[in-house]
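Q:
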Amino acid sequence: MLAWKIGGDQGEGIDSTGDVLARVANHMGYYVYGYKHFSSRIKGGHTNYKVRIATTRVEATTRHTDILVALNQETIHRNFHELENGLLLADSAFKPVLPESASAHLLTLPLTEMAKSIGSVMMRNMVAVGASAALLQMPVAPFIDYVTAKFEKKGEAIVAANRKAVEIGYQRIVDEYAALLTFKLEEPVPGDRLVISGSDAIALGAIAGGCRLLCGYPITPATEIMESLAKWFPLVGGAVVQMEDELGSITAVIGAGFAGARAMTSTSGPGISLMQEAIGLASVTEIPAVIVDTQRGGPSTGMPTKQEQSDLLALLNGGHGDTLRVVLTPGSVEESFEDAAEAFNLAEQFQTPVLIATDLSLSLWQQSVERSRLKASAQPIRHSATFSQEDLLALGESAFQRYRLTDNGVSPRSLPGEINGQYLATGVEHGPSGKVSEDPVNRIQMMDKRLSKLEGIHQMRDGFKYEGPMEPVLILVGIGSTVGILREAATHLPAKVGVAWFRTLSPFPTERVQSVLAPARHILVVEQNALGQIRQLMTIHGIADSRFDSYLKYDGVPFLPEEVVDRATPLLNTLEVH
Amino acid sequence: MATLQDFRTNENAWWCPGCGDFGVLAAMQKALVAVHANPATTAIVAGIGCSGKIGNYINSYNLHVTHGRTLPAALGIKLANRDLMVLVAGGDGDGYAIGMGHFMHSLRRNVNITYVVMDNHVYGLTKGQTSPTSEEGFKTKTTPQGSIERPIHPLMLAVSAGGTFVAQGFSSWQPQLASLIQKGIEHPGFSLINVISPCVTYNKVNTYDWYKKNLQNLDDDPTYQPTDRSRALTRLHESDEMVTGLIYQEASTPYEALIPGFRETPLVHQDLTVDETTWNKILSTLE
Ligand SMILES: Cc1ncc(C[n+]2csc(CCOP(=O)(O)OP(=O)(O)O)c2C)c(N)n1
Ligand code: SF4
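Chains Z and R supply the protein sequences, listed in that same order. When the letters of the first sequence are read in order and numbered with our numbering, they come out as residues 1 to 578. When the letters of the second sequence are read in order and numbered with our numbering, they come out as residues 579 to 865.
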């Protein structure tokens with residue numbers, strides 16, 4: 001496994017350069033994971049993109065870098081400490097200086113000059129790509145093929161220039177630095193994989209789950225979902241509406257759900273705060289709705305481009321009144337795809353809003369995913385209990401009871417357009433027919449009916465997953481993007497360490513959590529917020545004892561597997577002494 | 579063909595005797611009959627307020643949402659099922675205070691829905707506070723010395739925000755009001771019908787008599803042509819919006835007809851499974 005990084009100023013095409021490397025490596029049969037560091041500026045400011053290239057699945061970034069490509073001196077200053085015995089390729093144009101303390105080899109190439117020699121400074125990053133291929137001892141042909149295909153539409157001249165850029169970058173390294181080429185990737189593992197982000201996965205899952213309408217308002221880091229669907233929906237007859245705010249977004253989704261369509265909105269913490277009243281409306285009117293929260297640093301504008309998992313309690317309890325909340329928490333890109341599709345099934349089947357809590361890291365960073373894990377056909381659509389037109393005709397006029405009391409709390413619904421199915425869906429408390437009622441007995445019946453739906457959902461979800469030995473000494477517990485980090489940390493830990501993660505926060509999988517955690521002698525709950533929100537939830541559900549410990553991080557930077565290893569190791573040591 | 583009776587529910591209207599909202603309800607029902615609507619294919623979204631109760635009294639698919647959010651809900655319904663006739667009704671507080679953002683954007687978005695605002699210049703349900711349409715000096719419990727804010731002018735706002743159908747009716751003038759709502763429903767785009775609907779309990783200034791004295795009926799002015807945006811604005815400005823009738827209308831293509839790839843068949847009737855070819859086409863954009 002190797003880690004390559006490119007750094008420069010924001011707006012200099014760092015992202016697309018990293019993308020080329022990741023995609024080519026993926027295409028060759030490597031598993032890649034791309035991690036972007038960026039600030040809340042559009043242009044200027046340091047940015048870097050790190051790609052890990054491996055022969056097994058990667059779901060996290062790492063502390064170490066093997067090869068760093070620096071397009072300016074700031075990149076060296078900010079990143080050289082990662083380069084233990086690594087290679088630093090820098091553009092000689094800025095006269096790079098390697099700090100004394102660095103333990104890296106500095107290689108310089110006149111990247112800018114070389115780019116100009118083939119027509120444009122714009123080619124600099126492609127020269128760097130070619131040079132990187134050589135430094136990684138990867139064949140150049142797949143890179144040439146990739147740029148040929150990528151720029152095909154832009155005409156022959158552009159294709160030729162890009163090919164040339166890759167070639168000269170590659171050749172210069174081979175010619176001048178052959179002696180330094182020590183890094184070599186293992187043999188690739190051919191497969192059919194796509195490099196996608198969690199946002200892509202959610203958008204794909206939504207389409208697979210029958211969603212055909214997204215009403216949303218742009219917000220980092222959730223906008224990618226909206227943008228992907230804007231691109232894909234025309235292929236399936238769906239629509240994206242950019243609303244005036246999140247209040248409108250969620251209410252439009254509720255309107256569509258009332259009419260029988262599968263609709264969603266995607267937002268981040270600030271948007272969730274604005275949607276809370278309407279989520280309650282969806283609960284009480286029993287209208288399906290899917291809401292994705294891509295969490296970022298809060299509260300308020302907080303740290304919009306930074307990683308955090310601090311909306312969990314708001315998702316569960318942020319609304320007023322007693323409402324039913326279903327909160328799904330995918331712990332990987334693949335699970336993001338599955339949960340997005342499943343959210344629409346659960347929302348419709350149980351006629352209730354379903355929230356998906358993901359986070360910035362899981363949503364934005366791209367990684368290799370098996371195409372076989374992204375099958376629309378693997379996510380069959382399940383519909384809600386409905387009254388067909390025949391049923392309603394047989395029932396006669398004014399007899400349909402939209403909110404009839406049932407054993408599982410779900411009342412078969414009618415859809416607008418059906419004769420004899422007319423009813424009133426109102427946020428005011430109502431009786432079985434839908435008519436407004438403040439009768440105390442009715443109130444209790446209707447509240448209990450709605451809340452009882454959680455039990456049915458509980459039956460359908462395996463809300464807490466575990467991977468690891470049968471008799472773990474330590475279990476690392478996480479959520480969202482942290483799960484992949486914990487998985488990698490576990491492979492570096494000496495003892496019997498397992499990883500467990502939540503797939504559902506509501507309905508809370510109490511018994512499953514208890515049974516999974518029972519054999520462990522120590523439990524470390526790793527979460528990216530300051531309040532220990534997952535720990536709080538576990539405590540509320542009676543899951544707390546002296547075996548539990550928290551590892552919290554709220555600096556906006558994702559956990560590194562190494563940090564988790566460092567934090568867990570002393571725990572294991574003390575345990576072994578006993 | 580549906581009759582007035584078909585659009586009634588078995589509930590008795592809850593409003594104070596004499597409330598203007600009775601007239602709005604009656605006119606809406608008449609308009610629905612006039613356009614040959616079918617209760618089963620009619621959806622009505624109502625806001626929060628005395629006015630918002632209107633959905634309880636019309637036999638149709640009714641959605642009663644949170645305060646101020648009627649228009650987005652209607653958009654969702656229309657995009658989910660474009661075969662439905664979608665009407666929206668709510669108060670001046672609902673539409674022009676808490677819901678003002680949606681009002682502006684609905685005008686420019688132009689989804690084919692009909693918006694009936696029941697404007698009584700006061701907050702009824704919360705028992706008498708100023709509203710955005712209350713006049714300066716209007717005394718209420720929250721403005722005991724009289725309102726010191728200028729009233730908004732919803733009609734001028736609508737015309738200038740790109741509205742494609744803007745009208746005003748008076749709940750007492752039934753034939754005109756019913757005909758305006760009918761035209762609004764028939765208009766292929768967003769239609770606003772602001773209806774003067776007096777609150778007999780909390781507004782002792784803008785009474786039926788006051789309106790009858792001050793309102794000009796555009797139908798009585800054969801020279802007025804509702805096809806010129808700037809003339810419409812001038813007329814509204816000169817009359818301080820004290821006019822009834824069709825103020826402005828232009829040919830329009832509704833939003834839903836402009837969405838790329840959006841189909842004539844309503845979303846709710848589409849097969850949601852994605853065939854292999856389409857799925858691979860989507861995935862190929864990620865390669
Ligand atoms: C979010 C929210 N804020 C405040 C209220 C309280 N409230 C209910 S109706 C209303 C105003 C009603 O005035 P208007 O829309 O003019 O309707 P009317 O009652 O006059 O028909 C208010 C402020 C509420 N229901 N929800
Ligand atoms: S308070 Fe006013 S608006 Fe409300 S029902 Fe009575 S008269 Fe009508």
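Glycine included, each C-beta is placed from N, C-alpha and C at the ideal position.
1) According to DSSP, what are the bridge partners of glutamine 295(Z)?
2) Starting from threonine 581(R), find everything on chain Z with Cβ-Cβ shorter than 9 Å and list it in chain order.
3) May I ask you to list, following chain order, the residues of the segment 625-659 of chain R that have a beta carbon less than 7 Å from some beta carbon of chain Z?
4) If you measure from the CB of tyrosine 780(R), is any heavy atom of ligand 2 nearer than 8 Å?
5) Verify the CB distance criterion: does alanine 102(Z) have a CB-CB separation below 9 Å to chain R?
6) In terms of residues, what are the limits of the beta strand (DSSP E) holding asparagine 690(R)?
7) Would you give the residue range spanned by the beta strand (DSSP E) that asparagine 772(R) belongs to?
8) Taking all protein chains shown into account, do 16 or more other C-beta atoms lie within 10 angstroms of the C-beta of aspartate 672(R), making it buried, or fewer, making it exposed?
9) Determine the direct distance from the alpha carbon of isoleucine 287(Z) to that of glycine 579(Z), and round the result to whole angstroms.
10) Between lysine 375(Z) and valine 195(Z), what straight-line distance do the alpha-carbon atoms span, to the nearest angstrom?
11) Does DSSP put proline 570(Z) in a helix, a strand or coil?
12) Do you know how far the Cα of valine 700(R) is from the Cα of lysine 708(R)?
13) Give the DSSP bridge partners of cysteine 215(Z), in chain order.
14) Using only alpha-carbon positions, find the residue among Ala3(Z), Leu136(Z), Ala133(Z) that is nearest to asparagine 79(Z).
15) Please name the residue, chosen from Leu181(Z), Glu12(Z), Asp145(Z), that lies closest to lysine 164(Z) on a Cα-to-Cα basis.
16) Cβ of aspartate 599(R) within 8 Å of any heavy atom in ligand 2?
17) Roughly how many angstroms separate the alpha carbons of phenylalanine 508(Z) and glutamine 171(Z), rounded to a whole number?
18) Compute the Euclidean distance between the alpha carbons of phenylalanine 559(Z) and glutamate 186(Z), then round it to the nearest angstrom.
19) Tyrosine 31(Z) bridges to which residues according to DSSP?
20) Closest to valine 625(Z) by C-alpha separation, out of Glu334(Z), Pro142(Z), Glu397(Z), would be which residue?
21) Exposed or buried, which one is isoleucine 14(Z) when buried takes at least 16 other CB atoms within 10 Å?
22) Run the CB neighbour count on leucine 685(R), radius 10 Å, all protein chains shown included, and call it buried at 16 or more, exposed below.
23) Whole angstroms is fine: what's the gap from arginine 535(Z)'s alpha carbon to threonine 358(Z)'s?
24) Closer than 9 Å, Cβ to any Cβ of chain R: which residues of the segment 236-257 of chain Z, in chain order?
25) Given a threshold of 16 other Cβ atoms within 10 Å of its Cβ, counted over all protein chains shown, does methionine 606(R) qualify as buried or as exposed?
26) Could you tell me which residues DSSP pairs with tryptophan 501(Z) in its beta bridges?
27) Quick one: Cα of glutamate 59(Z) to Cα of leucine 313(Z), how far?
28) Within 9 Å of any Cβ in chain R, is that where the Cβ of asparagine 420(Z) sits?
29) Count the C-beta pairs between the segment 228-235 of chain Z and the segment 191-209 of chain Z that are closer than 8 Å, then say yes if the count reaches three, no if not.
30) By how many angstroms is the C-alpha of valine 290(Z) removed from the C-alpha of methionine 126(Z)?
31) In three-state terms, what does DSSP make of tyrosine 403(Z)?
32) Taking Cβ-Cβ distances below 9 Å as the criterion, which residues of the segment 837-850 of chain R are in contact with chain Z?
33) Can you pull the chain Z residues whose beta carbon is under 8 Å from the beta carbon of aspartate 661(R), in chain order?
34) Considering only their Cβ atoms, is the gap separating leucine 83(Z) from leucine 107(Z) smaller than 9 Å?
35) Is it right to say alanine 829(R) is buried, meaning 16 or more other beta carbons lie within 10 angstroms of its own, or is it exposed?
A: Here's the rundown:
1) Along the first sequence, read from residue 1 onward, the residue named residue 295(Z) stands at position 295. Partner(s): Asp359(Z).
2) Walking along the second sequence from the start, residue 581(R) turns up at place 3. None at all; the shortest Cβ gap to chain Z is about 13 Å.
3) Gly633, Asn634, Asn637, Ser638, Tyr639, Asn640, Leu641, His642, Val643, Thr644, Arg647, Pro650, Ala651, Ala652, Leu653, Gly654, Ile655, Leu657, Ala658, Asn659
4) Here the question's residue 780(R) lines up with position 202 in the second sequence. Yes, Cβ of tyrosine 780(R) sits closer than 8 Å to a heavy atom of ligand 2.
5) If you number the first sequence from 1, residue 102(Z) lands on position 102. Output row for alanine 102(Z): interface = no.
6) Start at 1 with the first residue of the second sequence, and residue 690(R) comes out as number 112. Asparagine 690(R) -> no beta strand (DSSP E), and no H or E assigned at all.
7) Here residue 772(R) is taken as the residue at index 194 of the second sequence, counted from 1. Residues 769-774.
8) Here residue 672(R) refers to the residue found at position 94 of the second sequence. So aspartate 672(R) ends up on the buried side.
9) Coverage of chain Z is limited to positions 1 through 578, which leaves residue 579(Z) absent and any answer about it impossible.
10) Within the first sequence, residue 375(Z) is the residue found at index 375, counting from 1. Within the first sequence, residue 195(Z) is the residue found at index 195, counting from 1. Taking the straight line from one Cα to the other gives about 15 Å.
11) Looking up residue 570(Z) in the first sequence gives position 570. Of the three classes helix, strand and coil, the one that applies to proline 570(Z) here is helix, per DSSP.
12) Position 130 of the second sequence, counted from the first residue, corresponds to residue 708(R). Position 122 of the second sequence, counted from the first residue, corresponds to residue 700(R). Checking the sequence shown, residue 708(R) turns out to be threonine, not lysine. Rounded to the nearest angstrom, the two C-alpha atoms are 5 Å apart.
13) Working through the first sequence from its first residue, we reach residue 215(Z) at position 215. Bridge partners of cysteine 215(Z): Val241(Z).
14) For the purposes of this step, residue 79(Z) is taken as the residue at position 79 of the first sequence. Of the candidates Ala3(Z), Leu136(Z), Ala133(Z), the one whose C-alpha sits nearest the C-alpha of asparagine 79(Z) is Ala3(Z).
15) In the first sequence, residue 164(Z) corresponds to position 164, counting from 1. Checking every option, the nearest Cα to that of lysine 164(Z) belongs to Asp145(Z).
16) As a working mapping, residue 599(R) is identified with position 21 in the second sequence. Yes, the Cβ of aspartate 599(R) comes within 8 Å of a heavy atom of ligand 2.
17) Within the first sequence, numbered from 1, the residue matching residue 508(Z) stands at position 508. Within the first sequence, numbered from 1, the residue matching residue 171(Z) stands at position 171. In a straight line, the C-alpha of phenylalanine 508(Z) is about 58 Å away from that of glutamine 171(Z).
18) Locating residue 559(Z) in the first sequence gives position 559, counting from the first residue. Locating residue 186(Z) in the first sequence gives position 186, counting from the first residue. Rounded to the nearest angstrom, the two C-alpha atoms are 27 Å apart.
19) Walking along the first sequence from the start, residue 31(Z) turns up at place 31. Paired residues: Ala54(Z).
20) Any answer about residue 625(Z) is impossible in this case: the structure gives chain Z only from 1 up to 578.
21) The residue labelled residue 14(Z) in the question sits at position 14 within the first sequence. Under this definition isoleucine 14(Z) is a buried residue.
22) In the second sequence, counting from the first residue as 1, residue 685(R) sits at position 107. Buried is the call here.
23) Counted from its first residue, the first sequence places residue 535(Z) at position 535. Counted from its first residue, the first sequence places residue 358(Z) at position 358. Cα to Cα, the separation comes out at about 18 Å.
24) Val236, Gly237, Gly238, Ala239, Val240, Val241, Met243, Glu244, Asp245, Leu247, Gly248, Ser249, Ile250, Thr251, Ala252, Val253, Ile254, Gly255, Ala256, Gly257
25) Taking the first residue of the second sequence as 1, we reach residue 606(R) at position 28. Result: buried.
26) Translated into the one-based positions of the first sequence, residue 501(Z) becomes position 501. Paired residues: Lys465(Z), Gly478(Z).
27) Position 59 of the first sequence, counted from the first residue, corresponds to residue 59(Z). Position 313 of the first sequence, counted from the first residue, corresponds to residue 313(Z). Cα to Cα, the separation comes out at about 26 Å.
28) The residue given as residue 420(Z) occupies position 420 in the first sequence. Yes - at least one Cβ of chain R is within 9 Å of the one on asparagine 420(Z).
29) yes
30) Walking along the first sequence from the start, residue 126(Z) turns up at place 126. Walking along the first sequence from the start, residue 290(Z) turns up at place 290. Taking the straight line joining both Cα atoms gives about 41 Å.
31) For the purposes of this step, residue 403(Z) is taken as the residue at position 403 of the first sequence. Of the three classes helix, strand and coil, the one that applies to tyrosine 403(Z) here is coil, per DSSP.
32) Ile837, Pro838, Gly839, Phe840, Arg841, Thr843, Pro844, Leu845, Val846, His847, Gln848, Leu850
33) As a first step, residue 661(R) is located in the second sequence; it is residue number 83 there, counting from the start. The contacting residues are Gly417.
34) One-based indexing of the first sequence puts residue 107(Z) at position 107. One-based indexing of the first sequence puts residue 83(Z) at position 83. In this structure, leucine 83(Z) does not lie closer than 9 Å to leucine 107(Z) by Cβ.
35) Reading the second sequence from its first residue, position 251 is the one you call residue 829(R). Exposed: under 16 other Cβ atoms inside 10 Å.
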